[in-house]
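Asks: Mapping the sequence shown onto our numbering, position 232 (from 1) lands on 233, and the numbers just tick up by one.
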Amino acid sequence: MDRFDELQVFVTVVQQGSLAAAARQLHRSAPVITRTLAALEQRMGATLIERTTRKLAPTEAGWQLFEQARQLLQDYHQTIAQVQLTRLQGLLRITAPLQFGRLHIIPLVERFLQQWPELQVELLFHDSYQDLIENQLDIAVRIGHLQDSRMVARQVGMVQRVLLASPQYLADAGTPHHPSDLSQHSLISGTDNSGEWRFADGLRQRIQPRFRINDVESRLQLLRHHQGIGRLLSYQAHDDLQQGTLVQVLPQFESDSLPVQLLTHRVAFMPAKVRHFWDFALENLPLVDCFNSNLIRD
């Protein structure tokens, strides 16, 4: 382990107040943190941190080293960042759900590349989970609650599952007033559907879709052509709702909203190209119209 890494471990232990918290912050095991601290103390010839069963407390020598090491690390990272900022180059790999990527990530990337023309961006749009580490991806947009604690996540918006139909379809087939009424209607779903739609308060409704289609745009096309009632995420049908091409069905039964989140590996020591897009996306994604306007309800 190099000397800068040892100092980073020591500074993090002092800042976090415990070996376990420092291990979590640095994504390392507690034994590695303990060995690193012991090696640093042996090299310094002094006890740097007094350990008790209740807390850790830096000694006088420890506080002196902490102040100097913290400033040294800060100066080092600022110097590296300044050098990297002179030219942002290389390949940035981003993944997002298919429709969200088309609607919002492509325009975002176009604006970003106007600022940094020497960067290249590879976009992987897919509605299934894409592992960042396994697929060597830098940043992901995820919709829904996350289960991977290894990732750093920041929420940028909220969306909702919505039932939709065209006004003409409802005029012809009637408007359902309860999820149980859906059994009397032509339904349009995705191919990953479990055979039921879930609503607020744990209500579940078994469905037998007339159409199962894996493509969101194709489902929207059928809805626009008055072929039934479908369920999508609110951002996917945002324009149709605004224009009145489609209207929301049974809004009072819809379940809680889903978070839209930006993911990456670690905020600390991000490559400059990733840091800049991360900050750019955090600033701009919350402003997209589908997160800030109310749904248009019939």
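Note that beta-carbon positions come from the ideal geometry of N, C-alpha and C, so glycine has one too. Values in this document were obtained by computation on a predicted structure and should not be read as measured data.
So what does DSSP say about Met45, is it helix, strand or coil?
Replies: helix
Asks: Please determine, among Val14, Ala174, Cys291, the residue with the shortest C-alpha to C-alpha distance to Ala166.
Replies: Out of Val14, Ala174, Cys291, Ala174 has the C-alpha closest to the C-alpha of Ala166.
Asks: Can you list, in chain order, the residues of its chain whose CB lies under 7 Å from that of Thr35, leaving out five sequence neighbours each side?
Replies: Leu20
Asks: Would you tell me roughly how many angstroms separate the C-alpha atoms of Asp299 and Ile95, rounded to the nearest one?
Replies: Note that Asp299 scores 41 on pLDDT, short of 50, meaning its location in the model is unreliable and no value can be drawn from it.
Asks: Relative to the C-alpha of Met306, which candidate in Gln228, Thr13, Gln262, Met271 has its C-alpha closest?
Replies: There is simply no residue 306 to check, as the chain begins at 2 and stops at 299 in what is shown.
Asks: Figure out for me which residue from Gln43, Arg71, Ala58, Met152 has the closest Cα to the Cα of Phe5.
Replies: Arg71
Asks: Assuming Val110 and Leu124 make a contact with CB atoms under 8 Å, what is their CB distance in whole Å?
Replies: 7 Å
Asks: For Asp3, which residues from the same chain have a beta carbon less than 8 Å from its beta carbon, with the 5 sequence-adjacent residues on both sides left out?
Replies: none
Asks: Excluding five sequence neighbours on each side, which residues of the same chain lie with their C-beta closer than 7 Å to the C-beta of Ser294?
Replies: Note that Ser294 scores a pLDDT of 49, beneath 50, so its modelled location is shaky; the value from the coordinates is reported in the next line. No residues qualify anywhere along the chain.
Asks: For Gly63, is the classification buried or exposed, using 16 other Cβ atoms within 10 angstroms of its Cβ as the cut-off for buried?
Replies: buried
Asks: Could you check what DSSP says for Trp117 in three-state terms: helix, strand or coil?
Replies: coil
Asks: For Ile81, collect the residues of the same chain with a Cβ closer than 6 Å to its Cβ; drop the 5 residues on either side in sequence, then sort them by chain order.
Replies: none
Asks: Would you check if the distance between the CB atom of Trp117 and the CB atom of Leu89 is smaller than 7 Å?
Replies: yes
Asks: Going by DSSP, name the residue or residues bridged to Met159.
Replies: Pro260
Asks: Which residues does DSSP pair with Arg199 in a beta bridge?
Replies: Under DSSP, the beta-bridge partners assigned to Arg199 are Arg205.
Asks: Taking 7 Å as the threshold (C-beta atoms), are Phe67 and Leu41 in contact?
Replies: no
Asks: Tell me, to the nearest whole angstrom, how far the beta carbon of Gln206 is from that of Pro180; I am working on the premise that it is less than 8 Å.
Replies: 4 Å
Asks: Compute the Euclidean distance between the alpha carbons of Glu255 and Phe200, then round it to the nearest angstrom.
Replies: 5 Å
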